[in-house]
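For reference, the structure discussed in these notes is given below.
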Amino acid sequence: MNYKESFKIGLNGLRANIMRTGLTMLGIIFGVAAVISMLSIGEGAKQETLQQIELLGTNNIIINKKAVENTGTSSKASYSLGLTTKDLEAIKAIAPDIQIITPVRESKHGVMYKSNLSQNVITGTSTGYPMTFNSKLVEGTFFKEYHQELRANVCVIGSGVKERLFKYESPLNKKIKIGEMWFSIIGVVAPKSVSSAGSQSFGIRNFNEDIYIPLNTMLYKFTKVEVDPNFVVRGNVTITNEDDIIRQSDRVSLDQIIVKVDKSERLKEIAALTGRILDRRHFGVKDYEIVLPEQLLEQKQKTQRIFNIVMGAIAGISLLVGGIGIMNIMLANILERTREIGVRRAVGATMNDILLQFLSEAVTISVLGGVLGILVGFILTAAISTYAEWNTIVSPISVILAFTVSVATGIVFGIYPAKKAADKNPIESLRYE
Numbered sequence: 197m198n199y200k201e202s203f204k205i206g207l208n209g210l211r212a213n214i215m216r217t218g219l220t221m222l223g224i225i226f227g228v229a230a231v232i233s234m235l236s237i238g239e240g241a242k243q244e245t246l247q248q249i250e251l252l253g254t255n256n257i258i259i260n261k262k263a264v265e266n267t268g269t270s271s272k273a274s275y276s277l278g279l280t281t282k283d284l285e286a287i288k289a290i291a292p293d294i295q296i297i298t299p300v301r302e303s304k305h306g307v308m309y310k311s312n313l314s315q316n317v318i319t320g321t322s323t324g325y326p327m328t329f330n331s332k333l334v335e336g337t338f339f340k341e342y343h344q345e346l347r348a349n350v351c352v353i354g355s356g357v358k359e360r361l362f363k364y365e366s367p368l369n370k371k372i373k374i375g376e377m378w379f380s381i382i383g384v385v386a387p388k389s390v391s392s393a394g395s396q397s398f399g400i401r402n403f404n405e406d407i408y409i410p411l412n413t414m415l416y417k418f419t420k421v422e423v424d425p426n427f428v429v430r431g432n433v434t435i436t437n438e439d440d441i442i443r444q445s446d447r448v449s450l451d452q453i454i455v456k457v458d459k460s461e462r463l464k465e466i467a468a469l470t471g472r473i474l475d476r477r478h479f480g481v482k483d484y485e486i487v488l489p490e491q492l493l494e495q496k497q498k499t500q501r502i503f504n505i506v507m508g509a510i511a512g513i514s515l516l517v518g519g520i521g522i523m524n525i526m527l528a529n530i531l532e533r534t535r536e537i538g539v540r541r542a543v544g545a546t547m548n549d550i551l552l553q554f555l556s557e558a559v560t561i562s563v564l565g566g567v568l569g570i571l572v573g574f575i576l577t578a579a580i581s582t583y584a585e586w587n588t589i590v591s592p593i594s595v596i597l598a599f600t601v602s603v604a605t606g607i608v609f610g611i612y613p614a615k616k617a618a619d620k621n622p623i624e625s626l627r628y629e
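Residue numbers (the numbering used here): 197 to 629.
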């Protein structure tokens, strides 16, 4: 008897007990659906994490100012001025392999265009900001060095600001009121996708609602810092001309300094060096924190691996239960069909024929269960994405893996019952009532 005939006989045996066969499949269906859902959640989380980390820049070292408690002492350590433009110069002068170093000063102001009003974060920065965060402009251009020197009232707006204030019209060369001053729009930054997970896990705010202006404009017109005309942020580094201006730059406070390095393999080394520079300049006061997006990614991936292991264990248990169900139903079938086995052996069927017949039944259950499990997995994944608002991605590899495991489950748990059926004595089987 060939494989095709064995499969046909096995399929007829399953049709004779449709209800039992269907209940046996449930374990495989739920197991396969669990595998696909787990892998889709894991892949979606992985892609979302990578996307959010890229917003911060994988080659960036982010230095944020941090509030410290006043100890009430008069020691030298209590006189740290926080992050300043002088810190930026020190890092640029000493740390190697720096591609760009960007200062940031932020404040929140009301923004008005015609009758449209909003509250937005105003970011004062240098011309290197777009390159630091790989930002693209969909309209216009970013401000130039001469805008810094002139403390010009120009701004670049995020895509969210454009949608909120301008709807469908082009904002280029139009004026908006920020606080009590008017600014001319010279560019629009391309939209960035910031998820709720990215906001919660990495503290990423919605950059689409930000407005960017030259740092010198921010310092002189918003924070009332009297910056000497010879003291400007030009390009990617602060330029000063005289010693007295250098002393003045110590008083120019920043909210953030972003260091973009050339070689990612030296990221941690340069971050450690940056920390030592700031410790020395700040007299040991930890009024700053250094954030490495690469380390945030590693921590998130570690957490995700633990989640995947737990979910994989749950899916594995479901498949194990399904496999045990297949073995139990096959053993029950063999007992009920003992006389049939004896008849088939009497008319010439070999032990191998009996083995293939019952093994084909087990594999058929697992194959059908695998196909239905894949469909349920797609439905479950879509439901998770819709109602839980999780990013899910069903990859071809996850489907192939889930189906392969289901077939393997049928083979592994079907071998023992099939072997038991093949080993039955034909004479005793014919006598069985």
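Just so it is clear, CB atoms sit at the ideal spot from N, CA and C, and this is done for glycine as well.
All figures in this text were calculated on a predicted structure; none of them were measured in a lab.
In terms of DSSP beta bridges, what is ASN260 paired with?
-> GLN452, GLU485
Contact between the region 303–320 and the region 372–387 (3+ Cβ pairs under 8 angstroms) | yes
So the beta strand (DSSP E) ARG541 belongs to, where does it begin and stop?
-> Note, ARG541: premise wrong, no beta strand (DSSP E); alpha helix (DSSP H) at 534–542.
Buried versus exposed call for ARG216 [16 or more other C-beta atoms within 10 Å across all chains shown] | exposed
Between the Cα of LYS261 and those of LEU450, LEU246, ASN330, spot the shortest distance and give me the residue it belongs to.
-> LEU450
Label THR600 either buried or exposed according to how many other C-beta atoms from any shown protein chain fall within 10 Å of its C-beta, with 16 as the threshold for buried.
-> The residue in question, THR600, is exposed, as its Cβ has fewer than 16 Cβ neighbours within 10 Å.
VAL567, DSSP secondary structure in three states | helix
State the start and end residues of the unbroken beta strand (DSSP E) segment that holds TYR408.
-> 407–410
Can you tell me which of the three DSSP states VAL390 falls into?
-> coil
In its own chain, which residues sit with a C-beta less than 8 angstroms from the C-beta of LYS417, not counting the 5 before and 5 after it?
-> ARG347, ASN349, MET377
May I ask you to list the residues that DSSP assigns as paired with ARG301?
-> GLY320
Around the Cβ of ILE570, are there at least 16 other Cβ atoms within 10 angstroms (buried) or fewer (exposed)?
-> buried
Touch check for the region 548–555 and the region 612–623: three-plus C-beta pairs under 8 angstroms?
-> yes
How big is the Cα-Cα spacing for ARG501 and GLU494?
-> 10 angstroms
Burial state of LYS496 (16 or more Cβ within 10 Å) | buried
Bounding residues of the alpha helix (DSSP H) (the contiguous stretch that carries PHE599) | 592–618
With which residues is LYS371 paired in a DSSP beta bridge?
-> SER380
Run of the beta strand (DSSP E) containing ILE353, from where it starts to where it stops = 350–353
Specify the secondary structure class of SER314 as computed by DSSP and reduced to three states.
-> strand
Is the beta carbon of LYS456 sitting closer than 9 angstroms to the one on ILE287?
-> no
Report all residues from its chain with a CB closer than 6 angstroms to the CB of LEU555; omit the five preceding and five following residues, and keep chain order.
-> GLY610, ALA614
Residue from GLU250, LYS370, ILE258, GLU461 whose Cα sits closest to the Cα of ASP293 = GLU461
In angstroms with no decimal places, state the Cα-to-Cα distance between TYR583 and PHE574.
-> 14 angstroms
Quick one: Cα of PHE503 to Cα of THR245, how far?
-> One C-alpha to the other measures close to 14 angstroms.
For TYR416, which three-state DSSP category applies?
-> helix
Span of the beta strand (DSSP E) holding GLU335?
-> 333–336
Cβ-Cβ separation, ILE237 to THR588 (assumed contact under 8 angstroms), whole Å | 6 angstroms
From GLN248 to THR328, what distance separates their C-alpha atoms?
-> Near 15 angstroms, if we compare the C-alpha coordinates of THR328 and GLN248.
From the beta carbon of PRO489, is the nearest beta carbon of chain D less than 9 angstroms away?
-> The chain labelled as chain D is not found in the depicted structure, where only one protein chain is given.
Inter-residue spacing [alpha-carbon to alpha-carbon] between ARG401 and VAL390 = Using only the alpha carbons, I get a separation of about 7 angstroms.
Please indicate yes or no: does the CB of LEU474 lie closer than 8 angstroms to some heavy atom of the ligand FAD?
-> No copy of the ligand FAD appears in this structure; indeed no ligand is present at all.
Give me whichever residues DSSP pairs with VAL307 in a beta bridge.
-> SER314, ILE374
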